[in-house]
Amino acid sequence: MNEKRKIRVATCSLAGCFGCHMSLLDIDEKLFDLLGVIEFDRTPFTDIKHCGPCDIGIVEGGVSNAENVHVLKEFRENCKVLVAIGACAITGGVPALRNNIDLWDCFQEVYLYEGGLEGNQIPNDPELPLPFDKVYPIYEVVKVDYFLPGCPPSADTIWKFLTDLIEGREPKLDYEMLHYD
Amino acid sequence: MEPHEFPHIEQQLAPVFERHGCEANQLLKILREVQEIFHFIPPAAITCVASHLGVPRTQVEGVAGFYFFLSLKSVGEYRLLFSNNVTDQMQGNPELMQYFCHKLWLESGKVSEDNLLSVDSTSCTGMCDQGPAALINGWPLTNLDRDRLDMIAALIHDKKPVCDWPSMLFEVKDNIRRAGTLLGEPFEPGAAIRATLDRGSAATLMEMEASGLRGRGGAGFSVARKWSLCRASPGDHHYIVCNADEGEPGTFKDRVLLNSYADLVCEGMTVGARIIGATQGFLYLRGEYRYLLKKLEEVLARRRVAGLLGKNILGETGFDFDIEIHLGAGSYICGEESALIESLEGKRGRPRNRPPFPVTHGYLDQPTVVDNVETLACAARIAIQGGEWFAAIGTTQSTGSKILSIAGDCARPGIYEYPFGIALHEILDDCGAEDPYAVQVSGPSGILVPSKEFGRRISFEDLPTAGAFTVFKRGRDILQIVQNFARFFAHESCGFCTPCRVGTQLQKKIVDKITHGHGTVYDLEELKHVGHIMQSMSHCGLGHTAANPVLDMLEKFPDAYEHKLKNFAFEPVFDLDGALETARKITGRDDAWAHLS
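Residue numbers (this note's numbering), protein chains in the order written: chain D, 71 to 251; chain G, 3 to 599.
Have a look at this one:
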């Protein structure tokens, strides 16, 4: 009965493309090893909607709207260790390309001028997440403990990082795992 | 603007090409002229210059994009740049700039609709003792106030050429308040060269050695050692360069030396040339001091006539040496000697890997000595009066005197020459500092000294300095001062190495965050961490020193920031709710989900 408690992990994708999640799944058969030592809390794999107390939180994507902030803060409050995974979480990445475009111009282009829309109007339903003026990296909103760069980080990189963390070592990635040229 | 708007560009540029030839190292000079003709560097000119020099178009664009006084977009016929040095800021430049923009319906950083005028800010223009200052099309304006700005607005409105503006606007005073052995004693042009010829090169080098003269640009390297290393280095040509890229905010002593002691400086160069065996010298004049160009050219011409420059100097057969003035184009990093050499070669001012040092591989890979303006002036004095005389002044490791450019909260800003070893409190008394609280010694890259350390002394042993001495009275917001410095470094980082390029931006962001009242203890730790990386990992001196103001503040001025800190461990960098305001306006929403607390 002295079985080790499983490490509880939550993941989410904010303003990201789920590419980092796909890369996590790319560890393939090692998923079985992984699931031997961890269990998932909130993640797209479980479809749990809110994050409970966890050991590790992995966040993909930048902060683009108000809902992203709620999710991110929930992660920070519940996760002992928070990891920013991928270029978007770390710098804003591709979604941050919109940062040079005025938000009003964006809205007009999409909702007022674009053909094929009926009754052209800017949506204002409270159910819709309200966008920020810019896309921000997550470390500007909450404290982040680890940054795992890449677009996406390779499956091997993620595996190495997670196994280090789960086994209680300071994660250490070789140069080969961090260079992309 | 489109390239087709310049159908005659080749004819327009022909005289420029004629003047400078087709060597790639003329690129910066050519681009400066292109900028003057068109008020920017049009794409068609880039293509034209590239094909003329036979270099890739990207190289031309790279250089044009590097220097602040060159612009790839039109900046209007008139470009008014307000100096954003901390002293200009204290003298009210931000308010003046706002006043001017408001008056002419302008937005800073943007060109007026009729393409007539743009207003922006620039790094210290070296007029700290007579600010607030600005540059109009590169010419310095001093003692600005609203009346003068009204006058300037009218002149621009009438499209009067800057050369026809009233001269009182451009008046620059020397403000020499205290002259010592370097500034105070008479000097007869030719005396140092004559003494060197009489004594011989090797013996003059011995005098330099005996004098203990160390570089005045800040680093304090032994001049005799630098000169003898260069003298001993094999090469087809040897070069001597006078570093007059006085970019450290708060420093303006070289401005005065070049304005009133140019002969002394040229003489120092000529003595150096004789010793290292150079026939060609360069004076790298910072772009902000282009108003001195004409005067300096006249000095050189006069010296040529007097036989102090040119062939067979003072009748000595085979002693040929001449000086060429090279104008910078607005880049702080070009004060670093290897970046300066790159700039001399017409490239971006990017510091080189060292070693090899310039004394063996400098300009065009030839042995080159780069010395500060003041160092060369000292060398001329030593050539005349001998090393022992010089070594008797100052302290053991810091011989001679030091010229300080004093500005900020004091009654008598200006130039003060002291023997090394002078204590800060004595200087503060002399310049009439009112209730001094802190002094920035040697500019932002130097040391921020609190009042309890005013007993410290100007010397290489204690407080080394390149000359800047900025006084802050009690009540000045140290955090605001450090914010100014952090912004300066973020602007001036050349972008070559990551620790400096990213580090200076992070510093700026975090200091801004603290200033806006969002800082936490976590941010202070982050500043220390970033500072440590910059100091240990940067490529050159800019990055090594760019964290100094922030780290000095953290260590010595806790009162400056502690009351601004929030108590939580972490606070977002930006105002979350504020960043939703634009979208709230666009959508007209005001529900609970449209807000963040």
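All residues carry an ideal CB built from backbone N, CA and C; glycine is no exception. Source: prediction; values computed, not measured.
Among the candidates the options, whose CA atom is the shortest distance from the CA of residue i?
i                : options                                   : result
THR370 (chain G) : G:HIS597, G:ILE384 and G:LEU346           : G:LEU346
GLY320 (chain G) : G:LEU426, G:LEU311, G:ARG414 and G:SER599 : G:LEU311
SER76 (chain G)  : G:ALA47, G:VAL57, G:TYR365 and G:PRO560   : G:ALA47
ILE315 (chain G) : G:GLY448, G:ILE195, G:CYS126 and G:VAL473 : G:ILE195
PHE8 (chain G)   : G:SER213, G:ALA246, G:SER447 and G:ILE43  : G:ILE43
SER340 (chain G) : G:PHE84, G:ASN95, G:LEU151 and G:GLY543   : G:GLY543
ILE77 (chain D)  : D:LEU235, D:GLU179 and D:PRO241           : D:LEU235
ILE351 (chain G) : G:SER333, G:PRO96 and G:PRO360            : Per the sequence presented here, residue 351 (chain G) reads as Gly, with Ile not at that position. Of G:SER333, G:PRO96 and G:PRO360, the residue nearest in Cα terms is G:SER333.
TRP107 (chain G) : G:ALA155, G:ILE384 and G:ALA280           : G:ALA155
GLY128 (chain G) : G:GLU109, G:VAL88 and G:SER114            : G:VAL88
GLU557 (chain G) : G:ASP577, G:SER538 and G:GLY533           : G:GLY533
GLY106 (chain D) : D:LEU167, D:GLU237 and D:HIS249           : D:GLU237
GLU338 (chain G) : G:ARG354, G:ILE242 and G:ALA393           : G:ARG354
THR161 (chain D) : D:TYR245, D:ILE208 and D:LEU101           : D:ILE208
GLY348 (chain G) : G:THR362, G:VAL552, G:GLY217 and G:GLY330 : G:GLY330
ALA193 (chain G) : G:ALA381, G:PRO446, G:LEU529 and G:VAL523 : G:ALA381
ARG476 (chain G) : G:SER461, G:ALA468, G:ALA440 and G:GLY590 : G:ALA440
TYR49 (chain D)  : D:LEU218, D:ILE171, D:LEU182 and D:ASP111 : Here chain D has residues from 71 to 251 only, and residue 49 (chain D) is not among them.
LYS162 (chain G) : G:THR183, G:LEU118, G:ALA181 and G:ASN145 : G:LEU118
ARG148 (chain G) : G:VAL121, G:PRO168, G:HIS159 and G:PHE102 : G:PHE102
CYS232 (chain G) : G:VAL36, G:PRO360 and G:LYS105            : G:PRO360
PHE145 (chain D) : D:GLY185, D:LEU198 and D:CYS82            : D:CYS82
ALA549 (chain G) : G:TRP595, G:LYS566, G:GLY249 and G:PHE487 : G:PHE487
ASP160 (chain G) : G:SER73, G:TYR80 and G:PRO446             : G:TYR80
PRO196 (chain D) : G:ASP592, G:CYS244 and G:LEU598           : G:ASP592
VAL121 (chain G) : G:VAL552, G:SER85 and G:GLU248            : G:SER85
Is the separation between the beta-carbon of residue i and that of residue j shorter than 8 angstroms?
i                : j                : result
ILE335 (chain G) : CYS496 (chain G) : yes
HIS531 (chain G) : SER540 (chain G) : no
ALA435 (chain G) : GLY457 (chain G) : no
ASP554 (chain G) : LEU450 (chain G) : yes
GLY289 (chain G) : PHE40 (chain G)  : no
ALA562 (chain G) : ILE480 (chain G) : yes
THR198 (chain G) : VAL273 (chain G) : yes
LEU215 (chain G) : ALA246 (chain G) : no
ALA212 (chain G) : GLU390 (chain G) : yes
LEU200 (chain D) : ARG586 (chain G) : yes
ILE588 (chain G) : LEU173 (chain D) : yes
VAL153 (chain D) : ILE192 (chain D) : no
GLY94 (chain G)  : PRO142 (chain G) : no
GLY132 (chain D) : ALA166 (chain D) : yes
ILE128 (chain D) : ILE155 (chain D) : yes
LEU295 (chain G) : LEU302 (chain G) : no
ASP525 (chain G) : LYS515 (chain G) : yes
THR124 (chain G) : LEU185 (chain G) : no
GLY219 (chain G) : ALA468 (chain G) : yes
SER461 (chain G) : GLU250 (chain G) : no
THR517 (chain G) : GLN485 (chain G) : yes
SER93 (chain D)  : VAL205 (chain D) : no
According to DSSP, which residues form a beta bridge with residue i?
i                : result
HIS328 (chain G) : G:TYR286
GLY636 (chain G) : With chain G represented from 3 up to 599, any question about residue 636 (chain G) goes unanswered, as that position is not in the structure.
PRO452 (chain G) : G:ALA440
LEU185 (chain G) : DSSP lists no partner for LEU185 (chain G).
ALA435 (chain G) : G:CYS412
ASP579 (chain G) : Partner(s): none; ASP579 (chain G) has no beta bridge.
PRO421 (chain G) : G:SER403
PRO600 (chain G) : One cannot answer for residue 600 (chain G) here, as it falls past the ends of chain G, which runs 3 to 599.
ALA246 (chain G) : G:LEU287
So, under 8 angstroms CB-CB, residue i and residue j are touching, yes? Tell me the CB distance rounded to an integer number of Å.
i                : j                : result
ALA85 (chain D)  : CYS158 (chain D) : 6 angstroms
ASP175 (chain D) : ALA581 (chain G) : Not confirmed; about 17 angstroms, so no contact.
VAL225 (chain G) : ASP373 (chain G) : 7 angstroms
VAL473 (chain G) : ASP411 (chain G) : 5 angstroms
GLU419 (chain G) : SER444 (chain G) : Actually they are not in contact, since the Cβ atoms of GLU419 (chain G) and SER444 (chain G) sit about 16 angstroms apart, beyond 8 angstroms.
ILE384 (chain G) : MET208 (chain G) : Actually they do not touch by this definition, with Cβ atoms about 11 angstroms apart.
ILE408 (chain G) : GLY396 (chain G) : With 8 angstroms as the limit, ILE408 (chain G) and GLY396 (chain G) do not qualify as a contact, their Cβ atoms being about 19 angstroms apart.
ILE327 (chain G) : LEU298 (chain G) : 6 angstroms
Checklist entry - If we count Cβ pairs, one from each stretch, closer than 8 angstroms, do we get three or more for the region 563-583 of chain G versus the region 199-217 of chain D? => result yes
Checklist entry - Does the region 198-209 of chain G touch the region 161-173 of chain G, meaning 3 or more C-beta pairs lie closer than 8 angstroms? => result no
Checklist entry - Does the region 503-510 of chain G come close enough to the region 473-491 of chain G to have 3 or more Cβ pairs within less than 8 angstroms? => result yes
Checklist entry - Do the region 8-26 of chain G and the region 48-56 of chain G meet, that is, are 3 or more Cβ pairs less than 8 angstroms apart? => result yes
Checklist entry - So, do the region 266-282 of chain G and the region 143-153 of chain G have three or more beta carbon pairs nearer to each other than 8 angstroms? => result no
Next on the checklist: Taking contact to mean 3 or more Cβ pairs, one atom from each stretch, closer than 8 angstroms, check whether the region 62-70 of chain G and the region 22-32 of chain G are in contact.
Outcome noted: yes
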